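Asks:
Number of protein chains: 2
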Amino acid sequence: MMAYTCSSPSSSTSSFFSIKPKTPSPKPHFPKPHFIKASTNPSPPPPPQQQPKPISVSKPRRPLDENIRDEARRNNPTYSHLFSAKYVPFNPDPSHQTSDESYSLDEIVYRSRSGGLLDVEHDIAALKTYDGKYWRDLFDSRVGKTTWPYGSGVWSKKEWVLPEIDDADIVSAFEGNSNLFWAERYGKQFLGMNDLWVKHCGISHTGSFKDLGMTVLVSQVNRLRKMNRPVVGVGCASTGDTSAALSAYCASAGIPSIVFLPANRISIAQLVQPIANGAFVLSLDTDFDGCMHLIREVTSELPIYLANSLNSLRLEGQKTAAIEILQQFDWQVPDWVIVPGGNLGNIYAFYKGFHMCKELGLVDRIPRLVCAQAANANPLYLHYKSGWKDFKAVKANATFASAIQIGDPVSIDRAVYALKNSNGIVEEATEEELMDAMAEADSTGMFICPHTGVALTALIKLRKSGVIGKTDRTVVVSTAHGLKFTQSKIDYHSKEIKDMACRFANPPVHVKADFASVMDVLQRYLLSKSPNH
Amino acid sequence: MMAYTCSSPSSSTSSFFSIKPKTPSPKPHFPKPHFIKASTNPSPPPPPQQQPKPISVSKPRRPLDENIRDEARRNNPTYSHLFSAKYVPFNPDPSHQTSDESYSLDEIVYRSRSGGLLDVEHDIAALKTYDGKYWRDLFDSRVGKTTWPYGSGVWSKKEWVLPEIDDADIVSAFEGNSNLFWAERYGKQFLGMNDLWVKHCGISHTGSFKDLGMTVLVSQVNRLRKMNRPVVGVGCASTGDTSAALSAYCASAGIPSIVFLPANRISIAQLVQPIANGAFVLSLDTDFDGCMHLIREVTSELPIYLANSLNSLRLEGQKTAAIEILQQFDWQVPDWVIVPGGNLGNIYAFYKGFHMCKELGLVDRIPRLVCAQAANANPLYLHYKSGWKDFKAVKANATFASAIQIGDPVSIDRAVYALKNSNGIVEEATEEELMDAMAEADSTGMFICPHTGVALTALIKLRKSGVIGKTDRTVVVSTAHGLKFTQSKIDYHSKEIKDMACRFANPPVHVKADFASVMDVLQRYLLSKSPNH
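Sequence lines, in order, name chains A and B.
Position 459 of the first sequence, counted from 1, bears residue number 459 in the UniProt record's numbering, the numbering being contiguous throughout.
Position 63 of the second sequence, counted from 1, bears residue number 63 in the UniProt record's numbering, the numbering being contiguous throughout.
1. If I follow the unbroken beta strand (DSSP E) through proline 89 (chain A), where does it start and stop?
2. Using the rule of at least 16 other Cβ atoms within 10 Å of the residue's Cβ for burial, across every protein chain shown, is phenylalanine 260 (chain A) buried or exposed?
3. Return the CA-CA distance between valine 218 (chain B) and alanine 245 (chain B), expressed in angstroms with no decimal places.
4. What is the residue span of the alpha helix (DSSP H) that alanine 429 (chain B) lies within?
5. For arginine 296 (chain A), which residues does DSSP report across the bridge?
6. Taking only beta-carbon atoms, is tryptophan 182 (chain B) less than 8 Å away from chain A?
7. Taking the straight line between their C-alpha atoms, what separation do you get for asparagine 91 (chain A) and aspartate 119 (chain A)?
8. Between which two residues does the alpha helix (DSSP H) containing threonine 320 (chain A) stretch?
9. Flag histidine 383 (chain A) as yes if its beta-carbon sits less than 8 Å from any beta-carbon of chain B, otherwise no.
10. By Cβ distance, which residues of its chain are closer than 8 Å to proline 9 (chain A), with the 5 residues on each side in sequence left out?
11. What number of angstroms, rounded off, separates the C-alpha of arginine 111 (chain B) from the C-alpha of proline 262 (chain A)?
12. Taking only three categories from DSSP, how would you classify tyrosine 130 (chain B)?
13. Output the boundary residues of the beta strand (DSSP E) element that contains lysine 199 (chain A).
14. Are the CB atoms of leucine 117 (chain B) and serine 443 (chain B) nearer to each other than 8 Å?
15. What does the alpha-carbon distance come out to for the pair glycine 453 (chain A) and alanine 418 (chain B)?
16. What do you reckon, are the CB atoms on lysine 210 (chain B) and aspartate 241 (chain B) nearer than 8 Å?
17. Would you call the CB atoms of arginine 368 (chain A) and aspartate 335 (chain A) closer than 8 Å?
18. Check cysteine 449 (chain B) in the structure and name its three-state DSSP category.
19. Output, in chain order, the set of chain B residues within a Cβ distance shorter than 9 Å of leucine 306 (chain A).
20. Which chain A residues sit within Cβ distance under 7 Å of residue 534 (chain B)?
21. Compile a chain-ordered list of the residues in the stretch 328-359 of chain A whose CB is closer than 8 Å to at least one CB of chain B.
22. Compare the C-beta of leucine 310 (chain A) against all C-beta atoms of chain B and say whether one is closer than 8 Å.
23. Which two residues bound the contiguous alpha helix (DSSP H) that contains valine 218 (chain B)?
24. Give a yes or no on whether the minimum CB-CB distance between histidine 122 (chain B) and chain A is below 8 Å.
25. Please name the residue, chosen from A:Cys201, A:Pro163 and A:Gly192, that lies closest to residue 534 (chain A) on a Cα-to-Cα basis.
26. Based on the DSSP output, what are the partners of valine 521 (chain A) in its beta bridges?
27. Tell me, please, whether the CB atom of leucine 64 (chain B) is closer than 8 Å to any CB atom in chain A?
28. For serine 238 (chain A), go through chain B and note every residue whose CB falls closer than 9 Å to its CB, in chain order.
29. Leaving out five residues before and five after alanine 72 (chain B) in sequence, what residues of the same chain have Cβ atoms less than 6 Å from its Cβ?
30. Going by beta carbon distance, what residues of the same chain come within less than 8 Å of lysine 420 (chain B), once the five residues before and after it are set aside?
31. From phenylalanine 288 (chain B) to alanine 237 (chain B), what distance separates their C-alpha atoms?
32. Taking aspartate 241 (chain B) as the query, report the chain A residues whose CB atoms sit under 7 Å from its CB, ordered along the chain.
33. Can you round the beta-carbon distance between threonine 486 (chain B) and alanine 269 (chain A) to whole angstroms, since I take them to be within the 8 Å contact cut?
34. Enumerate in chain order the residues of its own chain whose CB-to-CB distance from leucine 146 (chain A) is below 8 Å, with the five nearest sequence positions on each side excluded.
35. With 8 Å as the threshold, decide whether the Cβ of lysine 512 (chain A) is near any Cβ in chain B.
36. Any beta carbon of chain B sitting closer than 8 Å to that of alanine 258 (chain A)?
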């Protein structure tokens with residue numbers, strides 16, 4: 001039986017030919033392909049000169065008993081820490097540097113001495129040893145391959161993320177490199193725009209942008225454990241994307257992950273990712289605040305690393321989405337980037353990514369940022385409208401955009417800094433606005449989450465007021481896959497949402513199963529769609 | 001208020017500087033980055049020589065009133081059809097070419113004169129005008145950008161897919177370029193393997209690999225409509241990934257899509273993608289066979305293009321996943337590729353992609369293919385076990401791997417051809433085997449669909465029998481996102497599946513919400529996870 005033949009072809013191919021380390025070879029200069037020439041001369045280029053047929057075109061492989069992590073280690077034995085980063089207190093006003101407080105990234109510290117936020121500060125002078133072109137070419141050279149760890153969209157920017165971690169300690173699922181989608185029909189039909197894009201960060205391993213930050217956090221924890229620091233696991237109190245990403249990355253690394261959840265308040269559907277990814281899920285007979293309180297207490301007693309939302313390591317991963325947008329546009333800078341905002345770390349991460357690209361000479365300006373909030377959880381919007389005076393937390397009401405239902409955002413200072421420094425704007429979306437925007441976007445071929453509906457509503461409002469022009473290159477950041485929000489889409493298209501018209505619902509049409517009935521219904525439908533109708 | 005300032009930065013930037021067409025510039029030769037050097041000399045390279053600071057590093061943009069589709073048209077005014085393709089009858093025995101039957105791709109034809117399958121045949125001699133290195137470099141040069149249409153993993157291989165379509169007629173969501181995931185922990189822990197990979201085709205726009213084929217089918221339909229051929233819409237009878245992908249691509253292009261479904265036999269959750277994507281969904285009081293029968297009748301009366309599973313255009317898109325795997329491995333050839341099989345088009349598509357790469361000199365061999373079937377729907381497996389004698393359709397029983405629950409596969413001849421020509425193997429998986437494999441894979445950080453569980457089971461069996469070696473580079477093809485199969489995961493982890501032990505279920509642990517109880521439970525858990533335990 002074929003299934004039992006043992007002559008696997010691998011045994012006959014290069015086994016130990018690949019002692020020569022595999023380095024990303026410099027891209028050769030090759031003749032411009034004929035079909036992208038703009039020459040007015042219609043004749044195709046001559047074919048390449050006749051060459052002797054190569055004996056073997058396959059490239060050498062590494063030794064068979066080596067994995068890609070070992071290979072990275074072998075290729076990189078002399079890793080010289082040219083670059084470095086450290087924790088410093090987040091300081092919204094650099095002209096008032098009041099302390100020289102700082103911490104190694106190998107310390108476990110969540111807040112500054114004064115209880116404020118931390119920021120990961122890179123040695124920019126060292127990074128500036130290389131010019132913008134060098135960084136652009138380097139990042140571009142790493143796209144589309146599986147070289148460890150640079151096949152990841154986050155770790156392809158490793159020198160700007162966690163420069164001092166060994167490649168072999170990184171925990172990566174080759175995250176990032178997500179789809180930057182040209183929203184051609186949506187832009188044209190609903191906004192008169194020709195250059196509208198959606199950065200689908202949610203088309204990802206765990207279905208949300210949280211992967212980008214979690215690969216960094218879990219990699220650093222993995223490093224600490226390899227250094228014999230006492231970290232027995234990583235914990236969080238979250239129902240949503242955070243616990244899913246945390247569990248997945250911990251599972252990859254074999255690190256225990258612990259998730260605290262309120263019993264009887266969430267469905268097992270919300271739990272399925274951490275459970276499937278082998279997290280230790282504690283279901284507690286209390287509410288969310290109770291879970292949060294307990295996990296803080298527990299992590300002060302047990303050496304469990306807390307993957308909370310104020311963690312500044314995660315923002316280092318998230319900022320690579322901004323760099324990736326520039327890269328995907330061949331280092332052309334968009335005019336606007338619109339980011340949904342709840343706890344407000346992500347808007348700062350985008351700012352930081354864009355700002356580093358400008359500071360290090362990859363581009364010469366940054367986009368204007370827009371933070372989009374649900375009207376049911378809009379403390380930043382109110383703060384912005386007050387002219388950045390007197391921030392007040394609000395009580396967040398339920399919103400379909402459940403991941404941004406936050407009344408007292410942890411990263412408020414980071415967000416205000418990002419917006420002030422990018423000539424930014426804050427907008428808000430009601431429940432009906434965000435669900436209608438989601439439905440309209442879906443009707444043009446997307447399948448977005450309600451948070452993206454919030455961002456699209458902000459865009460609609462800014463287009464209407466003329467702030468965003470019809471030819472402005474605009475990127476809407478989509479934070480989760482629509483497949484995580486099928487229930488809200490079902491409710492909308494079934495018109496089962498209280499006090500909502502669900503104007504763009506598209507329910508199925510029930511028809512008798514005979515030829516004449518079906519033809520009749522179809523012909524009427526097709527007539528309504530014909531251009532002359 | 002800031003929201004009403006109108007000085008968008010775009011108005012001050014290059015508007016008409018970009019008359020010079022943007023072509024993918026040849027990759028420059030740049031100094032090897034220091035951190036991938038394998039030199040034994042630990043000193044870092046000197047920084048690049050001091051250069052005058054460039055005035056502007058942003059690249060020129062196209063005219064503001066032009067979109068990327070227009071830009072592609074302008075850059076490509078002299079598109080000379082060097083390459084071509086046509087429909088021919090699928091012929092499993094090229095030594096017995098019996099007819100010169102062929103059709104232009106601009107004809108609407110689903111089957112050969114004799115009622116057999118069709119195949120898209122490329123002008124290989126024309127493609128051979130360029131050598132393997134040329135194609136490798138060309139495909140590599142297109143990765144990671146948003147140049148229309150090459151930002152897509154399918155259309156980056158356009159010359160090999162639909163060479164004659166105008167770029168401006170293509171309907172694309174920048175599909176493909178999907179994650180090739182190194183299954184480090186799963187390979188090590190469960191199989192003793194160091195080079196196991198999962199090609200996550202389901203981490204995609206519509207959540208399955210069907211995007212790859214549907215972009216080709218809908219693009220060709222779009223071309224036919226632009227040529228004023230009478231195509232009023234595209235129809236299919238499917239609950240699953242096909243109707244989702246069809247609806248999404250039709251929505252992008254503004255082409256009516258029509259989906260026939262049996263009333264009361266499927267949940268609205270299965271419908272949510274076509275409904276959200278604006279398909280005209282007909283719910284008919286019949287079963288699946290009745291829907292299939294009706295749509296065939298209707299499409300013979302009305303000019304509705306039928307997106308059925310025998311369509312050979314779709315396979316042209318699907319084959320690019322094979323090319324992409326080679327590309328992501330830097331054109332090194334894996335030893336094994338394992339593909340779940342139901343209607344059996346995809347195993348042939350993978351074969352075709354690999355075979356073209358060998359024939360055109362990009363690589364010098366192809367991987368051995370394994371087709372993995374659910375034991376509940378295993379006609380190919382039985383056929384293989386019989387020594388490829390007397391194929392018999394079977395009655396397919398229910399399987400968690402619902403997309404491959406097919407007893408009489410349309411592409412049986414294609415699959416047999418692919419397997420015979422790749423020294424291939426067929427394996428099968430019981431329901432318990434596939435669900436256990438899925439759960440084990442998830443516990444190492446993946447979140448896969450049951451079809452991938454089928455493919456992993458095949459791998460487990462071939463590892464156990466020694467057919468696949470521990471250092472063989474092996475790729476498992478994952479066809480859908482796990483987020484489409486949360487219910488089966490919930491059932492498994494709740495141990496609510498009849499006659500299944502659900503050995504790897506990981507249900508949540510209920511704990512009283514007080515510090516002592518939580519500490520007690522956690523300490524016991526952590527002790528069980530400690531290395532000295």
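Just so you know, even glycine gets a beta-carbon here, dropped at the ideal spot from N, CA and C.
A quick note: this is a predicted structure, and the numbers were derived from the prediction, not measured.
Replies: So, from the data block:
1. As a working note, residue 89 (chain A) is residue 89 in the first sequence. First-last of the beta strand (DSSP E) with proline 89 (chain A): 85-89.
2. On the first sequence, residue 260 (chain A) is found 260 positions in, with the first residue counted as 1. Counting Cβ neighbours within 10 Å, phenylalanine 260 (chain A) comes out buried, since at least 16 surround it.
3. In the second sequence, counting from the first residue as 1, residue 218 (chain B) sits at position 218. In the second sequence, counting from the first residue as 1, residue 245 (chain B) sits at position 245. Going from the Cα of valine 218 (chain B) to the Cα of alanine 245 (chain B) covers about 10 Å.
4. As a first step, residue 429 (chain B) is located in the second sequence; it is residue number 429 there, counting from the start. Careful: alanine 429 (chain B) lies outside any alpha helix (DSSP H), inside the beta strand (DSSP E) at 425-429.
5. Start at 1 with the first residue of the first sequence, and residue 296 (chain A) comes out as number 296. Answer is none; arginine 296 (chain A) lacks a bridge partner.
6. Within the second sequence, the letter at position 182 stands for residue 182 (chain B). So yes, tryptophan 182 (chain B) belongs to the interface.
7. Locating residue 91 (chain A) in the first sequence gives position 91, counting from the first residue. Locating residue 119 (chain A) in the first sequence gives position 119, counting from the first residue. Cα to Cα, asparagine 91 (chain A) sits roughly 8 Å from aspartate 119 (chain A).
8. Residue numbering aside, residue 320 (chain A) sits at position 320 when the first sequence is read from its first letter. Taken as a continuous stretch (DSSP letters only), the alpha helix (DSSP H) holding threonine 320 (chain A) covers 320-328.
9. Taking the first sequence and counting its residues from 1, the one referred to as residue 383 (chain A) is at position 383. Cβ-Cβ to chain B under 8 Å: no for histidine 383 (chain A).
10. Working through the first sequence from its first residue, we reach residue 9 (chain A) at position 9. Caution applies to proline 9 (chain A), whose pLDDT of 37 falls short of 50 and renders its modelled position unreliable; the value that the coordinates give is listed next. None.
11. Translated into the one-based positions of the second sequence, residue 111 (chain B) becomes position 111. Translated into the one-based positions of the first sequence, residue 262 (chain A) becomes position 262. Arginine 111 (chain B) and proline 262 (chain A): Cα-Cα distance of roughly 57 Å.
12. Stepping through the second sequence from its first residue, residue 130 (chain B) is reached at position 130. Residue state, collapsed to three classes: coil.
13. Sequence index remark: in the first sequence, residue 199 (chain A) carries index 199 (1-based). Per DSSP, lysine 199 (chain A) belongs to the beta strand (DSSP E) from 196-200.
14. One-based indexing of the second sequence puts residue 117 (chain B) at position 117. One-based indexing of the second sequence puts residue 443 (chain B) at position 443. Not a contact, by the Cβ cut-off of 8 Å.
15. Locating residue 453 (chain A) in the first sequence gives position 453, counting from the first residue. Locating residue 418 (chain B) in the second sequence gives position 418, counting from the first residue. Using only the alpha carbons, I get a separation of about 44 Å.
16. As a first step, residue 210 (chain B) is located in the second sequence; it is residue number 210 there, counting from the start. As a first step, residue 241 (chain B) is located in the second sequence; it is residue number 241 there, counting from the start. A contact, by the Cβ cut-off of 8 Å.
17. Taking the first residue of the first sequence as 1, we reach residue 368 (chain A) at position 368. Taking the first residue of the first sequence as 1, we reach residue 335 (chain A) at position 335. Contact: yes.
18. Numbered from its first residue, the second sequence carries residue 449 (chain B) at position 449. In this structure, cysteine 449 (chain B) counts as coil in the three-state DSSP scheme.
19. Taking the first sequence and counting its residues from 1, one reaches residue 306 (chain A) at position 306. Residues of chain B passing the Cβ test: none, with the nearest at roughly 13 Å.
20. The displayed coordinates of chain B run from 1 to 533. Any statement about residue 534 (chain B) would go beyond what the structure contains.
21. Gln328, Phe329, Asp330, Trp331, Gln332, Val333, Asp335 and Trp336
22. Your numbering for residue 310 (chain A) matches position 310 in the first sequence. Output row for leucine 310 (chain A): interface = no.
23. Counting from 1 along the second sequence, the entry for residue 218 (chain B) is found at position 218. Start and end: 210-226.
24. Here the question's residue 122 (chain B) lines up with position 122 in the second sequence. No, because no Cβ of chain A sits closer than 8 Å to the Cβ of histidine 122 (chain B).
25. Outside the shown range of chain A (1 to 533) lies residue 534 (chain A), about which nothing can therefore be said.
26. On the first sequence, position 521 is the one that residue 521 (chain A) refers to. DSSP, once it has assigned bridges, lists no residue as partnering valine 521 (chain A).
27. To locate residue 64 (chain B), count along the second sequence from 1; it is residue 64. By this cut-off, leucine 64 (chain B) is an interface position.
28. Here residue 238 (chain A) is taken as the residue at index 238 of the first sequence, counted from 1. What serine 238 (chain A) touches in chain B: nothing, since even the nearest Cβ is about 14 Å away.
29. Residue numbering aside, residue 72 (chain B) sits at position 72 when the second sequence is read from its first letter. Excluding residues within five positions, the ones whose Cβ falls inside 6 Å are Trp148 and Asp167.
30. To locate residue 420 (chain B), count along the second sequence from 1; it is residue 420. Cβ within range, chain order: Trp388.
31. Here the question's residue 288 (chain B) lines up with position 288 in the second sequence. Here the question's residue 237 (chain B) lines up with position 237 in the second sequence. Spanning the two alpha carbons is a distance of roughly 8 Å.
32. The residue labelled residue 241 (chain B) in the question sits at position 241 within the second sequence. None at all; the shortest Cβ gap to chain A is about 12 Å.
33. Start at 1 with the first residue of the second sequence, and residue 486 (chain B) comes out as number 486. Start at 1 with the first residue of the first sequence, and residue 269 (chain A) comes out as number 269. Contact holds; Cβ gap of about 6 Å.
34. Stepping through the first sequence from its first residue, residue 146 (chain A) is reached at position 146. The sequence shown places threonine at residue 146 (chain A), not leucine. Cβ within range, chain order: Ile68 and Phe174.
35. Against the first sequence, residue 512 (chain A) aligns to sequence position 512. By this cut-off, lysine 512 (chain A) is an interface position.
36. Here the question's residue 258 (chain A) lines up with position 258 in the first sequence. According to the sequence displayed, residue 258 (chain A) carries isoleucine and not alanine. Yes, isoleucine 258 (chain A) lies at the interface with chain B (some Cβ there is under 8 Å from its Cβ).
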